[in-house]
Amino acid sequence: MKEKYSIYALITVTCWAFSNVLTGIVMQEISTFELAFLRYFIAVSVLLVIVCWKKLSLPAKKDIPWFFLSGGLGFFLYTVCFNLGCAKTTSAVSSTIIAAVPLFTAILSGILLQEKIMRVQWNGIILAFTGVLILVFEPGKMEITSGTLWLLGAAVILSFYNLVQRKLTQRYTALQVSVYSIFCGFLFLCIFAPKGWRVIGVLSTVSWVCIGVMGIFSSAVAYVCWAKALSLAPQTSSVSNFMFLTPFIATVLGYWILGETLSFQNGIGGVLILAGLLLFRWKK
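For the sequence shown, the positions run 1 to 284 when UniProt numbering is used.
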C-alpha cells in the first residue's frame, strides 16, 4: 500500500502527456491564454459539482493564503510563464526544461523541507534527465532565448508549487487541496475571461473535445491524483520524478494520435528515463 502513490503519480503524468499533445491541436484556433481560461473553467465547473456532492468543508482561515499561493503558483504563474515560453521556443527545448522540475524540486525539498536525497537517488534523477535530453534533443536548437528564461521560471514555479502542495496535504485531503488550489488559481486566470468568452463561438468540435479532455482529465483528475500522490509518498521527489515520464509518454501519444514518427533515439531516451526512475526507487 505504501507504493500506492506511484499509481496516482502515473495517472497524473499520463493525463499531462495527453495535454501536451492536445494543446497543439487547439492552438491552431485560439491563443494560449484563451485556452488556459477555458480549460480551467471546465475544470472548476467539474470540481464545483464534486464539492457540492461531497460537501467538502472549507479550509481554515489561516490556511487560505496558502491556497492562494498554491493556486497562484501552479495554475496562474506557471501557466503564463509556460505559455509565453512555448510561444518563443521549440517543443524540444520546452520539454527538456520542464522535465528539470524534479531536479529543482529535489534541491528545494532538501533545503526547505529537510528531505534527504541519497546518492543513489541523485544518480537516478541524473540518469532520467539524461534520458529526457536524448529523447527531445534537436541539434542546433538548444539555445538560451527569452523563451528559455520564461520556461526556466515556469520550472522553478512548479517546483515551489510541489512543496506547497506537500505542506497542504499534511492537513487536508488531496481532494480539498486540489479543489481549493484550482479555485484560487482560476480567480487569477479570470483576467483572460474576456478573450476566452469571445472565442467560444468559433471553436470547432474537435477543439472542444480536446479542451474538455484537458479540463476534466489533464486538470481536475490529474491534480487531484497529484495531490494524493504527494500525501502518500515518503518524499516530495518520489512523486516529482514521475514528471520525467511526461515527454516520453507524450512522444508515444503523438505517434498514436497525430501519426508522428518514432525513432531509435526515442526508444533509448525512454529506456534511460525508466531506468532512472527504477534507480531512484531502489533501496540499499
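The beta-carbon is built from N, C-alpha and C at its ideal position, and this holds for glycine as well.
Bear in mind that the values here come from a model prediction, so they are computed numbers and not experimental data.
Terminal residues of the alpha helix (DSSP H) in which residue i lies
i      : result
Gln176 : 174-189
Leu47  : 32-54
Leu113 : Element bounds for Leu113: n/a, residue is neither H nor E.
Leu84  : 78-87
Leu58  : Leu58 -> no alpha helix (DSSP H), and no H or E assigned at all.
Phe75  : Unbroken run through Phe75: none, as it is neither H nor E.
Ala9   : 5-26
Rounded straight-line distance, which links the Cα of residue j to that of residue i
i           : j      : result
Glu115      : Lys195 : 43 Å
Ile98       : Lys62  : 32 Å
Leu103      : Gly185 : 24 Å
Gly276      : Phe242 : 10 Å
Arg281      : Glu3   : 10 Å
Ser178      : Thr169 : 9 Å
Ile191      : Val120 : 45 Å
Asn266      : Trp53  : 44 Å
Val224      : Ser146 : 32 Å
residue 288 : Thr205 : Any answer about residue 288 is impossible in this case: the structure gives the chain only from 1 up to 284.
Ala87       : Thr23  : 12 Å
Leu10       : Gly201 : 35 Å
Cys15       : Ala222 : 6 Å
Leu232      : Arg166 : 10 Å
Ser19       : Met118 : 33 Å
Thr246      : Thr236 : 17 Å
Val21       : Trp208 : 14 Å
Ile273      : Ser240 : 13 Å
Lys284      : Ala193 : With a pLDDT of 43 at Lys284, under the threshold of 50, the modelled position of this residue cannot be trusted, and the question is left open.
Close beta carbons around residue i, own chain, < 6 Å, minus the five adjacent residues each side
i           : result
Ile30       : Val199
Thr79       : Ala36
residue 285 : An answer regarding residue 285 cannot be provided, because it is not within the stretch 1 to 284 covered by the chain.
Phe68       : Cys184
Beta-carbon spacing of residue i, residue j below 8 Å
i      : j      : result
Tyr8   : Ser238 : no
Ala17  : Ser219 : no
Leu56  : Leu175 : yes
Ile211 : Leu38  : yes
Leu112 : Leu163 : yes
Cβ neighbours of residue i in the same chain (closer than 8 Å, five flanking residues each side left out)
i           : result
Glu260      : Thr251, Gly254
residue 347 : No information on residue 347 is available, as it lies outside the stretch 1 to 284 that the chain covers here.
Interface flag, residue i vs chain D, CB-CB below 8 Å
i      : result
Thr148 : In summary, chain D is missing from the structure at hand, where a single protein chain is found.
Cut-off 7 Å between Cβ atoms - residues of its own chain near residue i, not counting five sequence neighbours on either side
i      : result
Asn123 : Leu279
Q | Entirely enclosed alpha helix (DSSP H) segments - the stretch 115-139, minimum 4 residues | A | 119-136
Q.
Extract the residue ranges of the beta strand (DSSP E) inside the UniProt domain "EamA" (146-280), only unbroken runs of 3 or more that lie entirely within it.
A. none
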